[in-house]
Amino acid sequence: MSTKQTISRRDFLQASLAVGGGAMLMPHATVRAWGAPVATPTPIQPKAKAVIQIWMWGGPPHLDTFDPKPQAGSDYCGPFDKPISTNVDGIMIGQMLPLLAQQADKYAIIRSMTHGNNGHETASYMVQTGHKPGGRIVYPCVGAVVSYFKGYRAGYSGLIPPYVVITQPQGRFSEAGFLGNKYKPFATGGDPSKTPFAVEGVIAEGISVERQQNRRDLLGQLDTLGNAIGDSTELNALGQAQSEAYGLILGDAGKVFDLSQESKELRDAYGRNKFGQACLAARRMVENGVPYVTINYQGWDTHKQHFQQMRRLLPELDRGMATLLQDLSDRGLLDSTIVWWGGEFGRTPKILYEAPWDGGRSHYGKVFSDVVAGGGFKGGRVVGASDEKGENVKDRPVYPTDLIASMYQLLGIDTNAPLPHPLGQDVRVLQNDADDDRPIAPLTEIM
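In terms of this note's numbering, the numbers along the sequence shown are unbroken and rise by one, the last being 449.
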């Protein structure tokens, strides 16, 4: 499918913006369906300062990870028919996640996520914005909203942008929506498992710091126009931007991407692979004040050769995510950092043995799992349940807005707060763009 939304209104809104230049719930307001205000109890005191989102690009299989169903038989569980106990009595997870099994006291499993959408682009939009696709407004995702409230609006002064994605943009939707390019994530590019981690525009392979400094000095000598004009508003702004850029390249700010500063033992614990080192880089960024980091973990769209890919990917996931949780906890960062694991949907519970899939799993939005930890979320708990074959929600359906509103609440972001729309429309952080009146249900049982 195209990695670009095909709604022409999106292009119009973006063009208009270019030309023009959860949640801390209200004491007497919450949200319904996809966001309209209704009565609510007293809000929870905000606890989180940052979010690390582990975005499982393509959709992770809930039966093979955090919602195993061995009793459903081999047509459903395949070779993964021996779920393992965790360090929390009564909670079992997939057998390929032994390290995460020892961290279950730190995270909560949501086994009843649902939205019913099986399209990559549309499901990604729903999960990451809390809004249904196809309307007149293209909403920003959680990362962009956090970047607005906890970043620029809050006086964020770090040289690293407040919303970072490692390593590639999600590519399923416009992350910033109507907020515009300022709130798009900074995509690092590169591969954090390599030395150096060649962050786009910051670190270049084969070019030393001394050579970068010499280049800067030469650029200053060649700037005859600037030297001749002297003081100028436009040139001063350009100079400030250049100074900040070189501050990232040559100063202390860019050192956050230098993973060689970490011990060999810790890097090994995370796993010497792209995902494991991305988790380490994400920890370093939130430790340095970046409020939102997405790890775009690709490879989970497993229509074919599903179990072959799971045998490679699940150990990577297990080692990287388990070490991230422990590392954040050891450094006193887990209490103030939300870790959010999940994708746009799950995978079909029943294995597709027929050709051409030959043992694959397809898209499945009826029920899937997410995991949250830290930032005020209580670990060692399970929210909701799927049925005996993992095909439908059995108990406590959780919609994307339920989870997003819970994260906003823990971050101290008011769901009824206005967002700056380029055409002056009254748009709130979460508001009703659906026809139903289902009240949103923040995850109070794990907050």
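Every residue gets a Cβ at the ideal spot worked out from N, C-alpha and C, and that includes glycine.
Checklist entry - Assuming Ser114 contacts Ala387 under a Cβ cut-off of 8 Å, what Cβ separation, rounded to an integer in Å, is found between them? => result As a position in the sequence shown, residue 114 is number 112, starting the count at 1. As a position in the sequence shown, residue 387 is number 385, starting the count at 1. A Cβ-Cβ separation of about 6 Å places Ser114 in contact with Ala387 under the 8 Å criterion.
Go through the region 400-439 residue by residue and report every complete run of the alpha helix (DSSP H) that reaches 4 residues or more, in order. 402-413
Flag this pair as touching only if the region 394-401 and the region 113-131 have three or more C-beta atom pairs under 8 Å; answer yes or no. yes
ask   = Is Lys391 closer than 8 Å to Ala74 when the C-beta atoms are compared?
value = Within the sequence shown, numbered from 1, the residue matching residue 74 stands at position 72. Within the sequence shown, numbered from 1, the residue matching residue 391 stands at position 389. Yes, they are a contact pair.
In its own chain, which residues sit with a C-beta less than 7 Å from the C-beta of Leu101, not counting the 5 before and 5 after it? Position 99 of the sequence shown holds residue 101. Closer than 7 Å at Cβ, skipping near neighbours: Asp320, Arg321, Ala324.
* Ser149 to Ser331 span [Cα, whole Å] -> Looking up residue 149 in the sequence shown gives position 147. Looking up residue 331 in the sequence shown gives position 329. So the alpha carbons of these two residues sit roughly 24 Å apart.
Whole angstroms are fine: how far does the CA of Glu356 sit from the CA of Val147?
Here residue 147 refers to the residue found at position 145 of the sequence shown. Here residue 356 refers to the residue found at position 354 of the sequence shown. Glu356 has its alpha-carbon roughly 43 Å from the corresponding atom of Val147.
Review point. Taking DSSP as the reference, what is the three-state secondary structure of His308?
Key: For the purposes of this step, residue 308 is taken as residue 306 along the sequence shown, with counting starting at 1. The answer is helix: DSSP assigns His308 an H, G or I state.
Check: With C-beta atoms as the reference, is Ile54 less than 8 Å away from Ala284?
Finding: Here the question's residue 54 lines up with position 52 in the sequence shown. Here the question's residue 284 lines up with position 282 in the sequence shown. Yes, the pair counts as a contact, with Cβ atoms nearer than the cut-off.
- Identify whether Met115 lies in helix, strand or coil by the three-state DSSP scheme. Taking the first residue of the sequence shown as 1, we reach residue 115 at position 113. Strand.
### Query
So what does DSSP say about Thr88, is it helix, strand or coil?
Indexing the sequence shown from 1 puts residue 88 at position 86. Three-state result, Thr88: coil.
Alpha carbons only, please: which of Gly118, Thr197, Pro194, Thr190 is nearest the one belonging to Gly203?
For the purposes of this step, residue 203 is identified with residue 201 of the sequence shown, where counting begins at 1. Per the Cα distances, Thr190.
| message | Quick check on this structure: which residue in Ala375, Leu335, Arg138 has the alpha carbon closest to the alpha carbon of Asp428? | response | Counted from its first residue, the sequence shown places residue 428 at position 426. For Asp428, the nearest C-alpha among the options comes from Arg138.
Taking the alpha carbon of Gly377 as the point to measure from, which residue in Gln411, Gln170, His308, Gly361 has its own alpha carbon closest? Within the sequence shown, numbered from 1, the residue matching residue 377 stands at position 375. Answer by Cα proximity: Gln411.
Sort out for me which residues DSSP pairs Arg383 with in a bridge.
-> Counted from its first residue, the sequence shown places residue 383 at position 381. According to DSSP, Arg383 bridges with Ala110.
Q | Gly23 classed as buried or exposed, judged by whether at least 16 other C-beta atoms fall within 10 angstroms | A | One-based indexing of the sequence shown puts residue 23 at position 21. Residue placement at Gly23 is flagged as unreliable, the pLDDT there being 37, under the threshold of 50; a coordinate-derived value is accordingly withheld.
Unbroken alpha helix (DSSP H) run spanning Gly145, endpoints: Position 143 of the sequence shown holds residue 145. Gly145 -> alpha helix (DSSP H) spans 144-148.
query: Nearest CA to the CA of Pro444: which residue from Val385, Pro422, Pro62?
result: Counted from its first residue, the sequence shown places residue 444 at position 442. With distances taken between Cα atoms, Pro444 lies closest to Val385.
- With a cut-off of 8 Å on the beta carbons, I'd call Pro70 and Ile93 a contact; round off their distance for me. Looking up residue 70 in the sequence shown gives position 68. Looking up residue 93 in the sequence shown gives position 91. With a Cβ gap of about 11 Å, Pro70 and Ile93 do not count as contacting.
| Residue from Leu326, Met409, Asn298 whose Cα sits closest to the Cα of Ser126 | Here residue 126 corresponds to residue number 124 of the sequence shown, with the count starting at 1. It is Asn298 whose Cα lies nearest to the Cα of Ser126.
Point to revise | Val166 and Pro187 closer than 8 Å at C-beta | key: Taking the first residue of the sequence shown as position 1, residue 166 is located at position 164. Taking the first residue of the sequence shown as position 1, residue 187 is located at position 185. Yes, the Cβ-Cβ distance between Val166 and Pro187 is below 8 Å.
Checklist line | Limits of the alpha helix (DSSP H) - the one that Ser262 falls within | finding: Position 260 of the sequence shown holds residue 262. Element bounds for Ser262: n/a, residue is neither H nor E.
Practice item. Mark Gly192 as exposed unless 16 or more other C-beta atoms lie within 10 angstroms of its C-beta, in which case mark it buried. Key: Position 190 of the sequence shown, counted from the start, is the residue given in the question as residue 192. With 16 or more neighbouring CB atoms inside 10 Å of its own CB, Gly192 falls in the buried class.
* What does a CB cutoff of less than 6 Å around Pro351 pick up in its chain, not counting 5 residues either side in sequence? -> The sequence position of residue 351 within the sequence shown is 349, counting from 1. The residues Leu65, Tyr78, Lys391, Gly392, Glu393, in chain order, have a CB closer than 6 Å to that of Pro351 in the same chain once the five nearest residues on each side in sequence are set aside.
Arg155 burial status per 10 Å Cβ neighbour count (16 or more: buried): Within the sequence shown, the letter at position 153 stands for residue 155. Arg155 should be labelled exposed.
Would you say Val373 and Phe68 are within 8 Å of each other, going by their C-beta atoms? In the sequence shown, the residue the question calls residue 373 occupies position 371. In the sequence shown, the residue the question calls residue 68 occupies position 66. For Val373 and Phe68, yes; Cβs fall inside 8 Å.
Q) In this structure, does DSSP put Tyr158 in helix, strand or coil? A) In the sequence shown, residue 158 corresponds to position 156, counting from 1. Of the three classes helix, strand and coil, the one that applies to Tyr158 here is coil, per DSSP.
Note to self: I'd like to know whether the C-beta atoms of Pro164 and Leu413 end up nearer to each other than 8 Å.
What the structure shows: On the sequence shown, residue 164 is found 162 positions in, with the first residue counted as 1. On the sequence shown, residue 413 is found 411 positions in, with the first residue counted as 1. No; because the gap between Cβ atoms is not below 8 Å, this pair is not in contact.
### Task
Examine the ligand MN and report whether any of its heavy atoms sits within less than 7 Å of the Cβ of Met449.
Among the components of this structure there are no ligands whatsoever, and the ligand MN is therefore not found.
Proximal residues to Val341 (C-beta, below 6 Å), its chain only, five neighbours per side dropped
Your numbering for residue 341 matches position 339 in the sequence shown. For Val341, where only same-chain residues beyond five positions count, the Cβ hits under 6 Å are Ile54, Ala375, Gly376.
According to DSSP, is Asp372 helix, strand or coil?
Numbered from 1 along the sequence shown, position 370 holds the residue referred to as residue 372. Shown here, Asp372 sits in a strand according to DSSP, grouped into three states.
Does DSSP put Arg269 in a helix, a strand or coil? Mapped onto the sequence shown, residue 269 falls at position 267. Note: Arg269 maps to helix in three-state DSSP.
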